[in-house]
Structure formats: structure tokens, C-alpha cells
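If you want my numbering, it's the position in the sequence shown, counting the first as 1, plus 124. Backbone N, C-alpha and C define an ideal beta-carbon position, used for all residues, glycine too.
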Amino acid sequence: MSDLSATYYNPAACALLERPRFVFNLTSIELANIDVAGAAGPGLDFDQLIFDIVPAMLAFHLGSHEEDGNHFAFSFLSRHDSDFDLGVSNVSVSPVSPTADAGFGRVKQRVVEYWTGGTWSRRVSRRVSVGVSSFLAYRAQRSRRSLNVEDLAPGVSRAAFVGREQEYNHVRVLAKLGLAWRPGKWELGATVTTPGLKLWASGKTVFNASVAGVDALPLLSASTQTGLPATYHAPWSVAFGASRVFESTVVHTTFEWFSAVDSYDILTPEPAAIAGRPETIPLVYSGQAKRVANFGVGIEQRVGDYFHLYGGVARNASAFVPGRDAFSPWDLVDVTAGASVDRGRLRLAVGLGYAWGDGMLPQVVVPPDFSGVPEPLPARFSRWTISFGASFQNE
């Protein structure tokens, strides 16, 4: 690790950099595809392309870089950025038929998490260093789900609608502690990341449901609640990394474990009232995550004095728990390749990645009169990523 991306990956490594590189731009362009048959009901399938531009990192060193002194750095990074906007429709309306069916389902979820903060690191010996990065983390999540169902038959006209929106903003402070060791041609490191401590949070929920044309179950319900207390629980994580340096090749390996997060209420809104009836509809918005472990291996090959080639493969398991706030049940295999070129003090890099995976996803939008447990559905995901990066080395 030869640049200040170490502020995130392992803050201890900053003290072992011979000449820190200022990371001033790193952006990824993503093109993803999600395919879920029956995601909003029978015949209502998701098959959606998603295009997104994801900013990644900015980092720079503060003060002088003396080998035996304290080292300080500042960084900003996009820890998470996803935007799903999935709409479907199933129309079988014919002017020559007395029976007509129509349906529409939609899911939109936007999740962002940005970290910014400072890093301190120091050598405790010639080859060993320690460090800590303290981050202020901002997380925002917006989830919107809706479903329309219409049915027209001789003498019968039925319609149902349900719409639900939840959103929250959450600010916490967290720490990442690191240890780095350089024994000979090996580069070893370990980090621990804390879940964080909440500083501020606020949430909102909107709900609207109706059923018409069904004598046994006419229904109208609505609720809007703002300024709700909000909670977000992040996992602990522990990571280990090892690199073996050969004459012109470096082999990298990494392993990271994330703890489970028990079920908790992100928002606790009051139940929605039903017009003309004593019953209410509970508005549940919960979070949970299962324990996962991810690992990867990569190779770096120097070609000449100024050109490097890179390649790697990683397994990224999903912490998804059905019925909770997340929308990502797929375990991914991620393959990447790239190259960089040194132009004096400037290093430019470009990379190409492809990830794929599948998982089981419950029906994501259901009618307001649905009382059972949605059956899980196979969900397939694939993503192309193009990354551009640059780092600058000070005098």
C-alpha cells in the first residue's frame, strides 16, 4: 500500500509509507442488472439495468513526514452508495375480452454512507507501526415500495393499492484501529472497526393503502409521521491482510469478518388507523444483519519502471436478512483487472471489474390485505464497474 488510501484500509500503514501519495480522485462508474421473477407478484418481474457514478475517496497527508515522528492525514470516502429504482407492469387488457387484469409494482431504495475524519499513526519500531482513524459517518436511507392491482370481470371491478415510504438520516462517530508489520519481504496488517456511537438521527414514514370492490374487505388507511427517533446498528469488523513481495511481483491476500447485528427497530412509528374500523395496520421498519466473512486475493505485476498491472478475485457475502431494511440478498464473486502508470510524481490508474451472484429475496411489495409470509424468490445480480484513480506524490 503506497498511498493514503491506507487511512481507511489500515491507518497504521501510513507511518510506514516512504513517500505518501495524495489520493485526490477516485471514481467508479457502475452498470448493474437485477433480475427477480415475481418480485411484485405473479407476472410482475424485475429485470432492470442501473447506471450509477460513485465517488470513492479523497485523502492527503498533514504536516511533515518524519520517519520516527507522528503522522497525520485526513480523508473523505464514500463507504456505501446504491440506488435501486425498479418499476414493473403486467397488462393483459384486451378490448375484445370481458375480462381484464392490470398490475404495477415499484421499489426504490437509495442508501448512502459517507465517512470523513483524521488519521494518526506512528512507528513503534523500524518495521512495526500502529494507527487509528476516527471517522464521522453520515448514513441516509430512503425506501419506497408501492403496488397497484386491478381486476375487471363481468359484473365485478376490484382495485387495491398500497404505498409505503420510510427514510432516516443518521450520524455517528466510529474508529478504525490498525497494526502494520513489515518482516522482510512480507507486509502484514490487522484492523478492528467499531460500530460507532450515535450523535444525531431523525426519520419519517408515510403509509397509504386501499382496497375497493371487495365486499368482504373494503379498506382505507393512511398515516404520515415525521421527526421520528431513528436508530442504525453497524457491525464490528476485524480484518487481516498479507502481501508477499517478490522481485517484480506482489501477491496480496485479505480476510474480513463482520459480526452479526440482532434485530432492532430503525423507526418506531404508531400503527396506521383504518377508516371506520377499530383495527390498525402495524408499520414495522427493522434492521438486522447476519455474520459474514469476506476474502480476496490479488496480484500486482511491475512491467518496466513505470507500468503496473493488477488483477484480483474476491468473495463478498451478503449480510441480508429477509424482511429487514436491506435489499441485497446476493453473495457476489468480484473479479477485477487494471493498470497504472507513473508519470513523474503523478500516478494514473484505471480498472475494470465484473461481479455476479444470486440469492433468495422475499416478494418485495405485497397487497394491503396480504396476511401470510411471502415466499422467497431467486434473485440474480450482475455488475460492471469502471474505476479511475490518481495519486500525487509530494516533493
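Q) To the nearest whole angstrom, what separates the beta carbons of N134 and G313, a pair I think is in contact under 8 Å? A) 4 Å
Q: Excluding the 5 residues preceding and the 5 following R469 in the sequence, name in chain order all residues of the same chain whose CB lies nearer than 7 Å to its CB.
A: F516, Q517
**Q.** Which of helix, strand or coil DSSP assigns to A161
**A.** coil
Q: Give the single residue among A136, I398, G365, W360 whose Cα lies nearest to the Cα of F382.
A: Measuring from the Cα of F382, the nearest candidate turns out to be W360.
Q: Determine the closest residue to V160 out of L472, V231, F512, S442, with distance taken between C-alpha atoms.
A: V231
Q: Have a look at V369, K322, F285 and flag the residue whose alpha-carbon is nearest the alpha-carbon of S334.
A: F285
Q.
Going residue by residue through the stretch 383 to 446, where are the continuous beta strand (DSSP E) segments of at least 3 residues, counting only ones entirely within it?
A. Counting only runs of 3 or more, we get 385 to 391, 409 to 413, 416 to 427, 431 to 440.
Q: Look at the alpha carbon of E237 and the alpha carbon of V416, and state the distance between them as a whole number of angstroms.
A: 20 Å
**Q.** Unbroken alpha helix (DSSP H) run spanning T131, endpoints
**A.** 130 to 133
Q. In terms of DSSP beta bridges, what is Y262 paired with?
A. Y238, V295
Q) DSSP on A283, reduced to helix/strand/coil? A) Strand, per DSSP.
Q. Leaving out the 5 sequence neighbours to the left and right, which residues in its chain are closer than 7 Å to H204 when beta-carbon positions are compared?
A. V235, V236, E237
Q: Tell me, please, which residues DSSP counts as bridged to Y478.
A: V459, W508
Q.
Suppose contacts are defined by Cβ-Cβ distances below 7 Å. Is L201 in contact with Y132 by that definition?
A. At a Cβ-Cβ threshold of 7 Å, L201 and Y132 count as neighbours.
Q: Please state whether DSSP places P502 in a helix, a strand or coil.
A: strand
Q. Can you tell which of F444, A463, D386, A473 has its C-alpha closest to the C-alpha of Q425?
A. A463
**Q.** Stretch pair the stretch 296 to 304 + the stretch 341 to 352: three plus CB contacts closer than 8 Å
**A.** no
Q | Of the listed residues P502, G481, P500, nearest to W508 (C-alpha basis) | A | G481
Q. Pairing CB atoms from the stretch 404 to 412 with CB atoms from the stretch 438 to 448, are three or more of them under 8 Å?
A. yes
Q: Give the DSSP-derived three-state secondary structure of V254 in the structure shown.
A: strand
Q.
If you follow the beta strand (DSSP E) that A96 is in, where does it begin and where does it stop?
A. Nothing about residue 96 can be read from this structure; the chain reaches only from 125 to 519.
Q | Whole-angstrom distance between A264 and G241, CA atom to CA atom | A | Looking at the two C-alpha atoms, the distance is approximately 18 Å.
Q.
Could you compute how far the alpha carbon of A503 sits from the alpha carbon of F184?
A. 40 Å
Q | Secondary structure of L485, DSSP reduced to three states | A | strand
Q: Mark E154 as exposed unless 16 or more other C-beta atoms lie within 10 angstroms of its C-beta, in which case mark it buried.
A: By the 10 Å Cβ count, E154 comes out buried.
Q.
Counting C-beta neighbours from all protein chains within 10 Å, is the total for L323 16 or more, i.e. buried, or is it exposed?
A. exposed
**Q.** Cα-Cα separation, L407 to L182
**A.** 40 Å
Q) Which stretch, first to last residue, makes up the beta strand (DSSP E) that contains G351? A) 343 to 352 is the span of the beta strand (DSSP E), which, as asked, contains G351.
**Q.** Three-way DSSP call (helix, strand, coil) for L141 in this model
**A.** coil
Q: Pick helix, strand or coil for A180, following the three-state DSSP scheme.
A: coil
Q.
Residues in the same chain with beta-carbon distance under 7 Å from S372, minus the five sequence neighbours each way, listed in chain order, please.
A. Q425, R426
(Q) I believe T377 touches V437 by the beta-carbon criterion, under 8 Å. Please report the beta-carbon distance rounded to the nearest angstrom. (A) Not quite, the Cβ-Cβ distance comes to about 11 Å (not below 8 Å), so this is no contact.
Q | Unbroken beta strand (DSSP E) run spanning V362, endpoints | A | 361 to 369
**Q.** Where A136 falls: helix, strand or coil (DSSP)
**A.** helix
Q. Among A399, S452, D466, A443, which has the Cα closest to the Cα of F431?
A. D466
**Q.** Given D458 as reference, the closest of L472, R471, A473, S442 once Cα atoms are compared
**A.** S442
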